[in-house]
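Take a look at the structure set out below.
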Amino acid sequence: PADEVSSLWDRFKATGEDRAREALIIQYSPLVKFVAGRVGVGLPRNVDQADLVSYGIFGLIDAIDKFEPDRGFKFETYAINRIKGAILDELRALDWVPRSVRARAREIERSLAELEHRLQRTPSDDELARHMGNSVDELRDALAEISNLGIVALDEVLAPDSSNSLGDMVADSMGAGPEAAFQKEETRRILADAINRLPDRERLVLTLYYYEGLTLAEIGDVLGVTESRVCQIHAKSVMSLRNRMTE
Amino acid sequence: GIEDVRERRALSGDVENELSYYRRMLHGRMDLIRFEQRRRSGEEKRSLIEALPSILADPESGHRSGRYEVPDLPPLPDVGHREIDHILGDDVLIRLDAIDDAGLESALEAIQEIEAEISEQRRQVQAVEDAFVEELAARYRVS
Ligand SMILES: Nc1nc2c(ncn2[C@@H]2O[C@@H]3COP(=O)(O)O[C@H]4[C@@H](O)[C@H](n5cnc6c(=O)[nH]c(N)nc65)O[C@@H]4COP(=O)(O)O[C@H]3[C@H]2O)c(=O)[nH]1
Ligand SMILES: Nc1nc2c(ncn2[C@@H]2O[C@@H]3COP(=O)(O)O[C@H]4[C@@H](O)[C@H](n5cnc6c(=O)[nH]c(N)nc65)O[C@@H]4COP(=O)(O)O[C@H]3[C@H]2O)c(=O)[nH]1
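Residue numbers (the working numbering), protein chains in the order written: chain S, 3 to 249; chain Z, 75 to 217.
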């Protein structure tokens, strides 16, 4: 039975025939279900699960066209990366982050950068809000709105030109990423250093989420705050990190 | 100490990851076969390849577990001899036109049977992993 699949590969690579390609797509399409389920962490309502899957299928087709069966590598390993890359690329190309939220995020980032430069430490929510001429509640609402967009959106808003997800980079810097090989040693060191300079609670949220792998609810339980508050702290820490990475 | 808990959690996490991977692959195959059955009965007008996104997507209402997850593959055998390897490597999906209705139905039943087992094991391993995570969380908790 497994020979049927390998002879299908031979046939496709020899003839490039559409029907063989289609059969391969269908055979391996559950891989897209697997990847789309993991990558779509906390995406908001206006991003359709079915859309994620269709972006992923483009990545799968790309992988099928480019894969060389006799190289001795497993197709699944090769395909997973292309599928994930296709989904992230497509998400970034979409203009699905509301303009107002994007502008708000830029504004908070800028104020964070100004204050961090002046104070030589991360400002408290109170200091940040005052600097922006807002109440703390207004600031936290804005952070909540940004974090409601989900982790991928934080990437999209904060690091649209990076080919790695910020989450993967943070996890990698803590020695817990999916592949420790993808990040330049220099980048990893800068990021690790930036994480260490965050205030205790910010650093704890990142550690618990990316390194210890707790759920947002569990982190809230540890800190004695709501899950929504955890998201706000996470959004602010990521913004602060991004400032330090780009200064 | 905490390092020991972390290590045991990582081991159970690896098992959970492997079970989750095979489970999702089985779900995909199951739903593809079911679609083909509906297509043959006239219930579905689209072709399989057209309907791929709607077949494979999870329901919108699905509530997330709120954990940071990556699509990491478990180690895959070069040539697998377990039942799961036979099922995932068989030619049902690549020779769909050549398989009659009875063949489709029996393929589906075989998948459903192994999926039930794997989902059950997954639930148990998740409970084990969650217990270790709770232990880790307790070490951090500010009382
Ligand atoms: N957020 C989240 N919730 C989870 C997860 N795993 C399980 N659950 C929840 O636990 C319920 C039971 O899961 P199960 O025993 O594996 O039993 C599942 C499983 O055996 C199967 N199933 C789940 N998804 C699919 C699918 O996409 N295709 C097919 N063919 N079967 C599926 O159907 C049963 C019922 O599924 P549901 O109604 O969705 O109900 C699921 C779902 O609400 C997870 O990783 N994340
Ligand atoms: N220790 C532990 N680990 C857990 C638990 N629930 C899920 N996980 C792990 O966490 C991953 C992400 O879960 P999710 O965010 O709910 O994200 C899930 C969820 O959105 C969806 N999904 C999976 N199974 C079901 C299901 O039966 N029903 C529904 N509605 N959605 C599901 O697919 C996504 C990816 O699923 P997976 O690849 O299986 O990957 C899952 C699984 O490996 C748990 O209670 N304890």
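Note that beta-carbon positions come from the ideal geometry of N, C-alpha and C, so glycine has one too.
Note that this is a predicted model, so its numbers are computed, not measured.
Distance cut-off 6 Å: residue 82 of chain Z Cβ against heavy atoms of ligand 2: Counting from 1 along the second sequence, the entry for residue 82 of chain Z is found at position 8. False, no ligand heavy atom lies under 6 Å from that Cβ.
Nearest-angstrom Cα distance between residue 245 of chain S and residue 136 of chain S? Mapped onto the first sequence, residue 245 of chain S falls at position 243. Mapped onto the first sequence, residue 136 of chain S falls at position 134. Distance between residue 245 of chain S and residue 136 of chain S, taken at the CA atoms: about 21 Å.
If we require 4 or more residues per run, which alpha helix (DSSP H) segments fall completely within the stretch 81-147 of chain Z? Counting only runs of at least 4 residues, the stretch 81-147 of chain Z fully encloses the following alpha helix (DSSP H) elements, listed from N- to C-terminal order: 122-130.
The alpha helix (DSSP H) spanning residue 180 of chain Z covers which residue range? By 1-based counting over the second sequence, the position of residue 180 of chain Z is 106. Looking at the DSSP string, the run of the alpha helix (DSSP H) that includes residue 180 of chain Z is 175-214.
Extent of the continuous alpha helix (DSSP H) run through residue 223 of chain S: Taking the first sequence and counting its residues from 1, the one referred to as residue 223 of chain S is at position 221. Residues 218-225.
Please check the pair residue 76 of chain Z and residue 105 of chain Z, which I expect to be a contact at CB under 8 Å, by giving their CB distance rounded to whole angstroms. As a first step, residue 76 of chain Z must be located in the second sequence, where it is residue number 2. As a first step, residue 105 of chain Z must be located in the second sequence, where it is residue number 31. Actually they are not in contact, since the Cβ atoms of residue 76 of chain Z and residue 105 of chain Z sit about 41 Å apart, beyond 8 Å.
Please go through the same chain and pick out, in chain order, the residues whose beta-carbon is closer than 6 Å to the beta-carbon of residue 13 of chain S, but skip the five residues on each side of it. What you label residue 13 of chain S is simply residue 11 of the first sequence in a count that begins at 1. Result list for residue 13 of chain S: 22, in chain order.
Could you compute how far the alpha carbon of residue 171 of chain Z sits from the alpha carbon of residue 118 of chain Z? Indexing the second sequence from 1 puts residue 171 of chain Z at position 97. Indexing the second sequence from 1 puts residue 118 of chain Z at position 44. Going by the C-alpha atoms only, they are around 16 Å apart.
Please list the residues of the stretch 49-64 of chain S that have a C-beta atom closer than 8 Å to any C-beta atom in chain Z, keeping them in chain order. Flagged, chain order: 50, 51, 52, 53, 54, 55, 56 and 59.
Is residue 208 of chain Z near ligand 2 - that is, is its Cβ less than 6 Å away from at least one heavy atom of it? Walking along the second sequence from the start, residue 208 of chain Z turns up at place 134. No - ligand 2 has no heavy atom lying nearer than 6 Å to the Cβ of residue 208 of chain Z.
Range covered by the alpha helix (DSSP H) that runs through residue 169 of chain Z: One-based indexing of the second sequence puts residue 169 of chain Z at position 95. Per DSSP, residue 169 of chain Z belongs to no alpha helix (DSSP H) and is neither H nor E.
Near ligand 2: residue 115 of chain Z beta-carbon under 6 Å from a heavy atom: For this step, residue 115 of chain Z is matched to residue 41 along the second sequence. With a cut-off of 6 Å, the C-beta of residue 115 of chain Z is classified as distant from ligand 2, since no heavy atom of the ligand falls inside that distance.
Measuring only between beta-carbons, confirm whether residue 80 of chain S sits less than 7 Å from chain Z. One-based indexing of the first sequence puts residue 80 of chain S at position 78. No, because no Cβ of chain Z sits closer than 7 Å to the Cβ of residue 80 of chain S.
For residue 79 of chain S, which residues from the same chain have a beta carbon less than 7 Å from its beta carbon, with the 5 sequence-adjacent residues on both sides left out? Indexing the first sequence from 1 puts residue 79 of chain S at position 77. Taking C-beta separations shorter than 7 Å and ignoring five residues to either side along the sequence, residue 79 of chain S has no partners in its chain.
When the Cα atoms are used, what is the spatial distance from residue 93 of chain Z to residue 200 of chain Z? Mapped onto the second sequence, residue 93 of chain Z falls at position 19. Mapped onto the second sequence, residue 200 of chain Z falls at position 126. When rounded, the distance between both Cα atoms is 10 Å.
Can you tell me whether residue 98 of chain Z sits near ligand 2, meaning its C-beta is under 6 Å from at least one heavy atom of the ligand? By one-based count along the second sequence, residue 98 of chain Z stands at place 24. Residue 98 of chain Z: yes, Cβ under 6 Å from ligand 2.
Test item: CB-CB of residue 234 of chain S and residue 126 of chain S under 7 Å: Here the question's residue 234 of chain S lines up with position 232 in the first sequence. Here the question's residue 126 of chain S lines up with position 124 in the first sequence. Not closer than 7 Å, so no.
Against chain S, with Cβ distances strictly below 7 Å, would residue 150 of chain Z count as a contact? As a first step, residue 150 of chain Z must be located in the second sequence, where it is residue number 76. Yes - at least one Cβ of chain S is within 7 Å of the one on residue 150 of chain Z.
Short of 8 Å Cβ to Cβ, which residues in the stretch 6-33 of chain S face chain Z? The stretch 6-33 of chain S vs chain Z, Cβ under 8 Å: 6, 7, 10, 24, 25, 26, 27, 28, 29, 31, 32 and 33.
Establish whether the CB of residue 147 of chain Z and some CB of chain S are separated by less than 7 Å. For the purposes of this step, residue 147 of chain Z is taken as residue 73 along the second sequence, with counting starting at 1. Closer than 7 Å to some Cβ of chain S, the Cβ of residue 147 of chain Z qualifies, so yes.
Indicate whether at least one CB of chain S lies closer than 7 Å to the CB of residue 210 of chain Z. The residue labelled residue 210 of chain Z in the question sits at position 136 within the second sequence. By this cut-off, residue 210 of chain Z is an interface position.
For residue 82 of chain Z, which residues of its own chain have a beta-carbon under 7 Å away from its beta-carbon, when the five flanking residues on both sides are left out? Stepping through the second sequence from its first residue, residue 82 of chain Z is reached at position 8. Within its own chain, the residues whose Cβ lies closer than 7 Å to the Cβ of residue 82 of chain Z, once the five positions on either side in sequence are excluded, are 206, listed in chain order.
Pull out every residue of the stretch 86-120 of chain Z whose Cβ sits closer than 7 Å to any Cβ of chain S, in chain order. So the list reads 95, 98, 99, 101, 102, 103 and 106, given in the order they occur along the chain.
Can you list the residues of chain Z that residue 223 of chain S reaches, using a CB-CB cut of under 8 Å? Your numbering for residue 223 of chain S matches position 221 in the first sequence. Listed along chain Z are 211 and 215, each with a C-beta nearer than 8 Å to that of residue 223 of chain S.
What three-state label does DSSP hand residue 77 of chain Z in the structure shown? For the purposes of this step, residue 77 of chain Z is taken as the residue at position 3 of the second sequence. Helix at residue 77 of chain Z.
Assign residue 122 of chain S to one of three DSSP states: helix, strand, or coil. The residue you call residue 122 of chain S lines up with position 120 of the first sequence. For residue 122 of chain S, the three-state secondary structure derived from DSSP is coil.
Measuring only the C-alpha atoms, how far is residue 142 of chain S from residue 231 of chain S? Taking the first sequence and counting its residues from 1, one reaches residue 142 of chain S at position 140. Taking the first sequence and counting its residues from 1, one reaches residue 231 of chain S at position 229. Computed Cα separation, rounded: 8 Å.
Listed by chain order, chain S residues near residue 177 of chain Z by CB distance under 9 Å: If you number the second sequence from 1, residue 177 of chain Z lands on position 103. The contacting residues do not exist; residue 177 of chain Z stays about 13 Å from chain S at best.
Let me make sure I understand the geometry here. Which of S:173, S:211, S:237 and S:50 has the alpha-carbon closest to that of residue 104 of chain S? Here residue 104 of chain S refers to the residue found at position 102 when the first sequence is read from its first residue. The option with the nearest alpha carbon to residue 104 of chain S is S:237.
Given residue 101 of chain Z as reference, the closest of Z:121, Z:140, Z:190 and Z:160 once Cα atoms are compared: Sequence index remark: in the second sequence, residue 101 of chain Z carries index 27 (1-based). Of the candidates Z:121, Z:140, Z:190 and Z:160, Z:190 places its Cα closest to the Cα of residue 101 of chain Z.
Which of the three DSSP states is assigned to residue 79 of chain S in this structure? Taking the first sequence and counting its residues from 1, the one referred to as residue 79 of chain S is at position 77. Residue state, collapsed to three classes: helix.
Alpha-carbon spacing of residue 78 of chain Z relative to residue 62 of chain S, whole angstroms: Within the second sequence, residue 78 of chain Z is the residue found at index 4, counting from 1. Within the first sequence, residue 62 of chain S is the residue found at index 60, counting from 1. Rounded to the nearest angstrom, the two C-alpha atoms are 39 Å apart.
Just the chain S side, please: which residues come within less than 9 Å of residue 141 of chain Z by C-beta, in chain order? Start at 1 with the first residue of the second sequence, and residue 141 of chain Z comes out as number 67. 43, 211, 215, 216, 217, 218 and 220, listed in chain order.
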